[in-house]
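> Numbering (my numbering), first residue to last: 960 to 1178. Ideal Cβ placement from N, Cα and C applies to all residues, glycine included.
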Ligand code: G3P
């Protein structure tokens, strides 16, 4: 399973990139507003220079024609930009039009297997089931990821499944076990994934034992 960072924070993306495990980024208008930066184009272009893999940027207009027009403009920002289109009927129309133009779509805000299947049939490169938001609503978000992976696998659909709206490390391992192609995770969760208390205790003990030997040698 690949790891994408789910953030519009350039500092976090630079930091995450240094770990060598981040192969893409997903953004959305809410993540951008958290950064207090209204220049979506500048932010996305900068992210695309840091991460060579897919970088998702969302259309922020309504109406199929306007969405297609905006998507074309966003797609021209960088060769690795992917366009986030919401999982609606209008979104399907936009997705299929963009797919015909070879513009990659991340079919987002997916909350059902039917939406994901339709997104794949319309030619989306990625579908994004929102795990945490389904959990919040009293459903099992990861069950949806499992179902989408199984169905895409069964029908050999090339669309990749991005487990999105990831809230904690447990979500990441469940996404990996479910066979998600990608989990897009907040920076905080990525750092939590690196942690184990026994590793910290082990490192501290090795260091102190080594210092003990070094002191002995110095005698
Ligand atoms: O990738 C989708 C993500 O940004 C939504 O996360 O936590 O707002 O449900 P959240």
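Give me the residue from 1019, 1053, 966, 1030 with the minimum Cα distance to residue 1077.
Residue numbering aside, residue 1077 sits at position 118 when the chain shown is read from its first letter. Residue 1077 has its Cα closest to that of 1053, out of 1019, 1053, 966, 1030.
> Going straight from the alpha carbon of residue 1009 to that of residue 1166, what length do you get?
Counting from 1 along the chain shown, the entry for residue 1009 is found at position 50. Counting from 1 along the chain shown, the entry for residue 1166 is found at position 207. Straight-line Cα distance between these residues: approximately 34 angstroms.
> Let me check you understand the geometry: is the CB of residue 968 closer than 7 angstroms to at least one non-hydrogen atom of the ligand G3P?
On the chain shown, residue 968 is found 9 positions in, with the first residue counted as 1. Incorrect: residue 968 has no Cβ contact closer than 7 angstroms to the ligand G3P.
> For residue 1130, is the classification buried or exposed, using 16 other Cβ atoms within 10 angstroms of its Cβ as the cut-off for buried?
In the chain shown, the residue the question calls residue 1130 occupies position 171. Classification of residue 1130: buried, given that the 10 Å Cβ count is 16 or more.
> Determine contact between the stretch 1155-1174 and the stretch 982-993, defined as no fewer than three beta-carbon pairs at a distance below 8 angstroms.
Output reads no: the stretch 982-993 does not touch the stretch 1155-1174.
> Across which residues does DSSP place residue 1069 in a beta bridge pair?
One-based indexing of the chain shown puts residue 1069 at position 110. According to DSSP, residue 1069 bridges with 1088.
> Does the contact criterion of 3 or more C-beta pairs under 8 angstroms hold for the stretch 1083-1099 versus the stretch 1063-1073?
At 8 angstroms Cβ cutoff, the stretches touch.
> Applying the 10 Å Cβ sphere with the 16-neighbour rule, what's the burial state of residue 1088?
Position 129 of the chain shown, counted from the first residue, corresponds to residue 1088. By the neighbour-count rule (16 or more Cβ atoms within 10 Å), residue 1088 is buried.
> Could you give the distance in angstroms between the alpha-carbon of residue 962 and the alpha-carbon of residue 1024?
Position 3 of the chain shown, counted from the first residue, corresponds to residue 962. Position 65 of the chain shown, counted from the first residue, corresponds to residue 1024. Rounded to the nearest angstrom, the two C-alpha atoms are 33 angstroms apart.
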